[in-house]
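J.: Got a structure here, written out as structure tokens. Questions coming.
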Amino acid sequence: MLSRTPLTLKVGIVTFPGSLDDADASRAVARAGGTPIPLWHGDRDLRGVDAVILPGGFSYGDYLRCGAIARFAPVMAELIPAANAGLPVLGICNGFQVLCEAHLLPGALTRNTGLHFVNRDVRIRIENNRTGWTSGYAPGEVITVVLKSGVGAYAADQQTLADLDTSGLVVARYADGSPNGSAGDIAGIAGAAGNVVGLMPHPEHAIDPLTGPGTGGLKFFSSILTPAAAA
Amino acid sequence: MAGQVPPSRTLRDVAKIVVDVMLKPEIHDPQGEAIAGACHRLGFTEVVAVRQGKRFEVEIGEPGEAGPMTIRVAELAAELLANPIIEEFAIHGP
Amino acid sequence: MAGQVPPSRTLRDVAKIVVDVMLKPEIHDPQGEAIAGACHRLGFTEVVAVRQGKRFEVEIGEPGEAGPMTIRVAELAAELLANPIIEEFAIHGP
Amino acid sequence: MSRPDTVADAAATPGLRQPHAALGLTDAEYASIVTQLGRRPTDSELAIYSVMWSEHCSYKSSRVHLRQFADKAPPTTALLAGIGDNAGVVDVGQGYAVTFKIESHNHPSYVEPFQGAATGVGGIVRDILAMGARPVAVMDALRFGPADAPDTRRVLPGVVGGISFYGNCLGLPNIGGELVFDPCYSGNPLVNALCLGVMRHADLKLAQASGPGNKVVLFGSPTGPDGIGGASVLASASFGTGDASGERAKRPSVQVGDPFMEKLLIECCLELYAAGVVVAIQDLGAAGIACATTELAAAGQAGMAVSLDAVPLRDRGLTPPEILMSESQERMMAVTEPADLDQFIKICAKWDVPATVIGEVTPTGRLEVSWHGDLVVDIPPAGAADGPLYERPMRRPASQDVLRGDDPATLPRPGTGAELRADLLAIAGSASGADKAWVTEQYDRDVRGNTVLGTPHDAGVLRVDEESFLGVAIATDGNGRYCLLDPYSGTQLALAEAYRNVAASGGRPLAVTNCLNFGSPEDPAVMWQFAESVRGLADGCLALGIPVTGGNVSFYNQTGAEAIQPTPVVGVLGVLEDVRKRLPSGFGAEGEPVVLLGDTAGEFGGSLWAHVVHGHLGGRPPAVDLQADQRLAAVLTAGADAGLLAAAHDLSDGGLALALAECCLTGANRAAPPGAEGGTGCVLTLPAGPAAADPFTWLFSESAGRALAVLRPGAEAEFAALCAEHGVPATALGATGGQALEVTGLFAIPVTELSAVHRRTLPALFG
Ligand SMILES: Nc1ncnc2c1ncn2[C@@H]1O[C@H](COP(=O)(O)OP(=O)(O)O)[C@@H](O)[C@H]1O
Ligand SMILES: [Mg+2]
């Protein structure tokens, strides 16, 4: 009898110079049952992955503006058209900033109102569970994740904010009010097609109660592994 | 990293162009507000408002006439130095 | 950018003064170097060097004549906006 | 540009006057250089000697005392590298080794708080990297003047911002530290940064140049005019007057950190190590190329020939002495075999790290440096590296007796429940006793995903191996008030507290690092404090059976003639076989028994209570009993191993009262619970005896060797037996639960009130 090995989904994790949470994102993908594939900023090659995570960190030192220099990395020349063609992409923290700079997501991330870097466990409410990255969550589910950023306040013009609201593209909001001045308490958004998601707090740091505030973040990484999500 | 060691400065054909980048007026500027608050605490009560932006001094080699260079810097500012979603820029010089 | 506010003595008698703050030339500016590197990778190879500084737009109510105000802003710049150990500043306007 | 002073010039002009005094060299030191070389030094050589023989690099005033760490070292097999290497390396089992070290950046942080503190982090991280380890965490021990002093408002936010900026950008979790305020640190804050690295045993790298013909590679940032005030003096003095000296005087002594380059350096070095292309490596810290070349060559008992023309410069006007002395950050120097050079350079290019061959190892036993074809340095590296050795005069100051005679027993004490409550809140809300979240929230605690415990727990606990759950715990402590009253026992109290913090987190203490912050060594009273402190630490480590693996001495911490309180900061590292058994410091579930371990006597000398409530400092610090501390640690680690404990928290400044308040507000998770109001209360009853102990003494005494243990329900009997077996006094106080810190018959403080008082202080002061 033929044994069928289930194909595990390959999730690429991009390392830019200055990426920091890339190992954490890999760990989360593996913990969820996927296969993490390292992607190098300097290679114009997505190595046949089924989804991509842009991890947290300070790409290029976050000099100039967070994510501004990373946006022009060779790997982004492959990623941008692939994302526009439907490849699921999750940008976490610095990755969110890169996605905004690359215009794969509307708006921008700006300096925290308190002007300081803030590392805090925060509760976020999943507002949209129709993206590939959030399909495992119940609508309105509240999870605790780690926020750690200095430039984490989401900003966009009124029209964009209204559009995000009416199209249901806000993926997550801070459940206890914004800790950083984010417009509409926005913690994460999706692009119009729903495959590209940006999230300011870190679900990859909430996959194990030993090293984080619980396991609430794990479903970001397991959701994408369901066939429907990656289709 | 490329560009850390400037090429010899004996060539005199290097111009300095300034690019000022400010947050758009409608974008919240917590840094500026904090500075205005600090001004008041320091006794500079006549300060009404402060906005903080960036200033880039770009030393650039002249490829041809002045025209193209200014255009190049404008391209650079629009593409890299400023984020048009939240910022606006102005170019001065050389 | 100076001169945008009319010099009439109304309630709106607020002037905008610009304070440019740059790292002293001998101080290492890793940000500027990283930006210069990015310029090169983007094909702006004619960029020789970039230095990044800050630009403050200070809206300030006129206490009396122009003289004192400028002096006040200079005080403010020296005390708060610039760090004299590593930075230098210039004041423009109104 | 003027022609540099060459070796040939030096031989030809033996009588030329040189500015050695301006460079901090005494006449005798200068004479000894001349003897060593058999001629006057060139200005480049003088630059090298002046930095190598500075207090900072040569430890000339402290070495005679520091020897005790080796002489009194307890027998151990845990050390793979020790004092004298860039950092100590400790075997933690399963083939893993850990390296850790703490270093000061006090003076630069006062001049330019943000950059000073940032480059302090950068420097200690490179030290750890140079041992072959991956840096995995940082900590910061900070001391400032009064919290409400205007200068503290300038310095503290800058220092914290700089540590946050640099550490976060490097991707190193900050897992602990200290924050203390005292007027003695006005004008002289202490910024001590610690870095911890992990490696496999086989990865250990030593900074010893060997193998003639091997290449010397300088890599990282280009060399600029950073931190070369000394060399500027030299340059202007040697090269004439007027314009040149005016120009030179502008050389910045402030270094600007580039954490992005440092992050690239880390990844680049680790890949170089993995590729096996590194024979030796050394970080460039104070005194830059001068120090790195001298030390590499001296340690390898080799020679080295270096051409300064090859050094990539950010400023082409730099002179040879300036290039040698530049303290530009984010640079490393390595020795590699010629056959490996291509691969070396390729790996650097992959990480965008500029790398240049600047010389090679030679069989001559001399350090030879050339510039434009001329020899400008030709010295025996060991002679420059060893430096002079001083036995500075020391004298116990007469004021010591007055201070010790000023017994806090005479201070008015709270008697009623309401008074006790008020004093507890005063301490919990004092700047030194308050919640540190305003600072620690600015640090990334979670990056790399291995932080099992961070602030505000007793020790930082990191997972080292994801499969086996092997981990380490680390804590730093210091108490300037105790050390002022008695530097010998005060230092032992700091050691004991860090040791206890590690044990209270479930770790078995293994090794010690230290940063000794003192005033001027030329003041005999300071030198006495220093000698007593080192003797106390060496004796204490011997008693506890854990070796000192390295450290750092920072002298001249004073404003005018006024020295800071002697402030040795001691770091203790421990191992956890299974980090899942770590102990948090806070109350979690309700109904867990709370037990006080150790003996309580009436000890208030140097206490936080006397300091906060009465502004008093005098008497004797708490008595030290290191055997009792060992027994306590054995109970805590055994209790953690056996699963008897839910949590533990050490008692230190503020005594039982502050410890209980902290327990109520610190969750059982790696971090404080979300939401400012989070917490779990407790209902406790203070025992009637012993006779000496009244409620005030129970609550505020700072007797050493004590901790709170929170038991798993049902573990009472087994834990009592464990305590009895080890001879550790255990006093049942009550249990966790409820929404208040309640001491039966005396007071109850709602957790929300406690939280507000504890958490509002720093935000109110610093925004
Ligand atoms: N500057 C700092 N950086 C990081 N953590 C800090 C700092 N200051 C204090 N902490 C952390 O806050 C907590 C409380 O500190 P402290 O009151 O000094 O502890 P204890 O006195 O019990 O040793 C500890 O977890 C400590 O590591
Ligand atoms: Mg402590």
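First to last, the protein sequences are chains S, U, G and Y.
Heads up: the first sequence runs through residues 1 to 231, numbered per my numbering.
Heads up: the second sequence runs through residues 1 to 94, numbered per my numbering.
Heads up: the third sequence runs through residues 1 to 94, numbered per my numbering.
Heads up: the fourth sequence runs through residues 1 to 767, numbered per my numbering.
Beta carbons: idealized from backbone N, C-alpha and C, even for Gly.
Nothing here was measured: the structure is a model prediction, and the numbers come from that model.
Taking C-beta to C-beta, are Val-757 of chain Y and Gly-417 of chain Y nearer than 8 Å?
T.: Residue 757 of chain Y sits at position 757 when you count from the first residue of the fourth sequence. Residue 417 of chain Y sits at position 417 when you count from the first residue of the fourth sequence. Not a contact, by the Cβ cut-off of 8 Å.
J.: Going along chain U in order, which residues have a C-beta closer than 9 Å to the C-beta of Glu-78 of chain S?
T.: Counting from 1 along the first sequence, the entry for residue 78 of chain S is found at position 78. Correct list: empty, because the minimum Cβ distance to chain U is about 19 Å.
J.: Please classify His-205 of chain S as buried or exposed, where buried requires at least 16 other C-beta atoms within 10 Å of its C-beta.
T.: Walking along the first sequence from the start, residue 205 of chain S turns up at place 205. Buried, by the Cβ-count rule.
J.: At 8 Å on the CB atoms, spell out the chain S contacts of Leu-42 of chain U, in chain order.
T.: As a first step, residue 42 of chain U is located in the second sequence; it is residue number 42 there, counting from the start. By Cβ distance, chain S contributes nothing, its closest Cβ being about 17 Å from Leu-42 of chain U, past 8 Å.
J.: Considering Cα atoms alone, identify which of Y:Val-548, Y:Ala-130, Y:Val-125, Y:Asn-188 is closest to Leu-156 of chain Y.
T.: In the fourth sequence, residue 156 of chain Y corresponds to position 156, counting from 1. Of the listed residues, the one whose Cα sits closest to Leu-156 of chain Y is Y:Asn-188.
J.: In whole angstroms, give me the CA-to-CA distance for Ile-224 of chain S and Pro-88 of chain S.
T.: Residue numbering aside, residue 224 of chain S sits at position 224 when the first sequence is read from its first letter. Residue numbering aside, residue 88 of chain S sits at position 88 when the first sequence is read from its first letter. If you take the alpha carbons of Ile-224 of chain S and Pro-88 of chain S, they lie about 8 Å apart.
J.: Looking only at DSSP bridge pairs, what is Lys-148 of chain S linked to?
T.: By 1-based counting over the first sequence, the position of residue 148 of chain S is 148. Its beta-bridge partners are S:Asn-119.
J.: Who pairs with Arg-200 of chain Y in a beta bridge, going by DSSP?
T.: What you label residue 200 of chain Y is simply residue 200 of the fourth sequence in a count that begins at 1. Under DSSP, Arg-200 of chain Y shares a beta bridge with Y:Tyr-96.
J.: Can we say the segment 481–489 of chain Y touches the segment 148–155 of chain S, given the rule of at least three CB pairs closer than 8 Å?
T.: no
J.: Alpha carbons only, please: which of S:Pro-38, S:Met-200, S:Ala-73 is nearest the one belonging to Asp-121 of chain S?
T.: Taking the first sequence and counting its residues from 1, one reaches residue 121 of chain S at position 121. Checking every option, the nearest Cα to that of Asp-121 of chain S belongs to S:Met-200.
J.: Can you name the residues of chain Y whose CB is closer than 9 Å to the CB of Thr-110 of chain S?
T.: Translated into positions along the first sequence, residue 110 of chain S becomes position 110. The CB of Thr-110 of chain S never comes closer than 9 Å to any CB in chain Y; the least such distance is about 18 Å.
J.: Quick one: list the residues of chain Y neighbouring Asn-180 of chain S, beta-carbon separation under 7 Å, in chain order.
T.: Mapped onto the first sequence, residue 180 of chain S falls at position 180. The premise fails here: Asn-180 of chain S is roughly 12 Å from chain Y at the closest Cβ pair, so nothing lies under 7 Å.
J.: Would you mind reading off the limits of the beta strand (DSSP E) that contains Asp-20 of chain G?
T.: Residue numbering aside, residue 20 of chain G sits at position 20 when the third sequence is read from its first letter. Run containing Asp-20 of chain G: 14–23, per the beta strand (DSSP E) assignment.
J.: Just the Cα atoms here: how many angstroms apart are Ser-829 of chain Y and Phe-344 of chain Y?
T.: Since the displayed chain Y opens at 1 and closes at 767, residue 829 of chain Y lies outside it and no answer follows.
J.: Leaving out five residues before and five after Thr-131 of chain S in sequence, what residues of the same chain have Cβ atoms less than 7 Å from its Cβ?
T.: Looking up residue 131 of chain S in the first sequence gives position 131. Correct list, in chain order: Val-171, Ala-190, Gly-194, Val-197.
J.: Could you tell me which residues DSSP pairs with Met-768 of chain Y in its beta bridges?
T.: As shown, chain Y starts at 1 and ends at 767. That puts residue 768 of chain Y outside it, with no answer to give.
J.: Output needed in chain order: residues of the segment 33–65 of chain S with a Cβ under 9 Å from some Cβ in chain G.
T.: Tyr-60, Gly-61, Tyr-63, Leu-64
J.: Taking only beta-carbon atoms, is Gln-442 of chain Y less than 8 Å away from chain S?
T.: Sequence index remark: in the fourth sequence, residue 442 of chain Y carries index 442 (1-based). For Gln-442 of chain Y, the answer is yes, since a Cβ of chain S falls inside 8 Å of its Cβ.
J.: Given that Ala-23 of chain S touches chain Y, what residues does it touch there, using C-beta distances under 8 Å?
T.: As a first step, residue 23 of chain S must be located in the first sequence, where it is residue number 23. Chain Y residues near Ala-23 of chain S: Arg-448, Gly-449.
J.: Taking 8 Å as the CB-CB cut-off, is Val-146 of chain S touching chain Y?
T.: To locate residue 146 of chain S, count along the first sequence from 1; it is residue 146. With 8 Å as the cut-off, Val-146 of chain S counts as an interface residue toward chain Y.
J.: In chain G, which residues lie with their C-beta within 8 Å of the C-beta of Phe-72 of chain S?
T.: As a working mapping, residue 72 of chain S is identified with position 72 in the first sequence. Ordered by position in chain G, the residues that pass the 8 Å Cβ test against Phe-72 of chain S are Ala-38, Arg-41, Leu-42.
J.: Just checking my contact of Pro-380 of chain Y with Gln-630 of chain Y at CB under 8 Å: how many whole Å lie between their CB atoms?
T.: Within the fourth sequence, numbered from 1, the residue matching residue 380 of chain Y stands at position 380. Within the fourth sequence, numbered from 1, the residue matching residue 630 of chain Y stands at position 630. With 8 Å as the limit, Pro-380 of chain Y and Gln-630 of chain Y do not qualify as a contact, their Cβ atoms being about 46 Å apart.
J.: Among the residues of its own chain, which have a CB less than 7 Å from the CB of Pro-621 of chain Y, if the five just before and after it don't count?
T.: The residue you call residue 621 of chain Y lines up with position 621 of the fourth sequence. Only Tyr-482, Leu-485, Asp-486, Ser-489, Gly-490, Leu-493, Gly-605, Gly-606 meet the Cβ criterion.
J.: What does Ala-82 of chain U touch in chain G if you count any residue whose Cβ is under 8 Å from its own?
T.: Looking up residue 82 of chain U in the second sequence gives position 82. Result: empty, since nearest Cβ-Cβ is about 12 Å, beyond 8 Å.
J.: Quick one: using the 10 Å Cβ neighbour count with 16 as the cut-off for buried, is Arg-71 of chain S buried or exposed?
T.: Start at 1 with the first residue of the first sequence, and residue 71 of chain S comes out as number 71. Arg-71 of chain S is buried by the Cβ-count criterion.
J.: Quick one: Cα of Thr-637 of chain Y to Cα of Ala-525 of chain Y, how far?
T.: If you number the fourth sequence from 1, residue 637 of chain Y lands on position 637. If you number the fourth sequence from 1, residue 525 of chain Y lands on position 525. Ala-525 of chain Y has its alpha-carbon roughly 40 Å from the corresponding atom of Thr-637 of chain Y.
J.: Which value, in whole angstroms, describes the spacing of the CA atoms of Leu-104 of chain S and Asn-84 of chain S?
T.: For this step, residue 104 of chain S is matched to residue 104 along the first sequence. For this step, residue 84 of chain S is matched to residue 84 along the first sequence. Taking the straight line joining both Cα atoms gives about 8 Å.
J.: Are three or more beta carbon pairs between the segment 177–186 of chain S and the segment 62–77 of chain S nearer than 8 Å?
T.: no
J.: Check the C-beta distance from Ala-794 of chain Y over to Glu-327 of chain Y and give it rounded, since I have them as a contact under 8 Å.
T.: The structure shown does not extend to residue 794 of chain Y, since chain Y is modelled only from 1 to 767, so the question has no answer here.
J.: I'd like to know whether the C-beta atoms of Ala-305 of chain Y and Thr-362 of chain Y end up nearer to each other than 8 Å.
T.: For the purposes of this step, residue 305 of chain Y is taken as the residue at position 305 of the fourth sequence. For the purposes of this step, residue 362 of chain Y is taken as the residue at position 362 of the fourth sequence. Yes. Within cutoff.
J.: DSSP has Lys-54 of chain G in a bridge; who is on the other side?
T.: Position 54 of the third sequence, counting from 1, holds the residue named residue 54 of chain G. U:Lys-54, G:Val-21.
J.: Going along chain Y, which residues have a C-beta under 8 Å from Thr-211 of chain S?
T.: Numbered from 1 along the first sequence, position 211 holds the residue referred to as residue 211 of chain S. Within chain Y, the residues near Thr-211 of chain S are Asp-446, Gly-449, Asn-450, Thr-451, Val-452, Arg-463, Arg-670.
J.: Does the segment 78–86 of chain G come close enough to the segment 18–35 of chain G to have 3 or more Cβ pairs within less than 8 Å?
T.: yes
J.: Which residues share a DSSP beta bridge with Pro-209 of chain S?
T.: Taking the first residue of the first sequence as position 1, residue 209 of chain S is located at position 209. DSSP output for Pro-209 of chain S lists no bridge partner at all.
J.: Of all the CB atoms in chain Y, is at least one closer than 8 Å to the CB of Arg-31 of chain S?
T.: Numbered from its first residue, the first sequence carries residue 31 of chain S at position 31. Judged by the 8 Å Cβ criterion, Arg-31 of chain S is not in contact with chain Y.
J.: List the endpoints of the continuous beta strand (DSSP E) containing Asp-477 of chain Y.
T.: If you number the fourth sequence from 1, residue 477 of chain Y lands on position 477. Per DSSP, Asp-477 of chain Y belongs to the beta strand (DSSP E) from 471–477.
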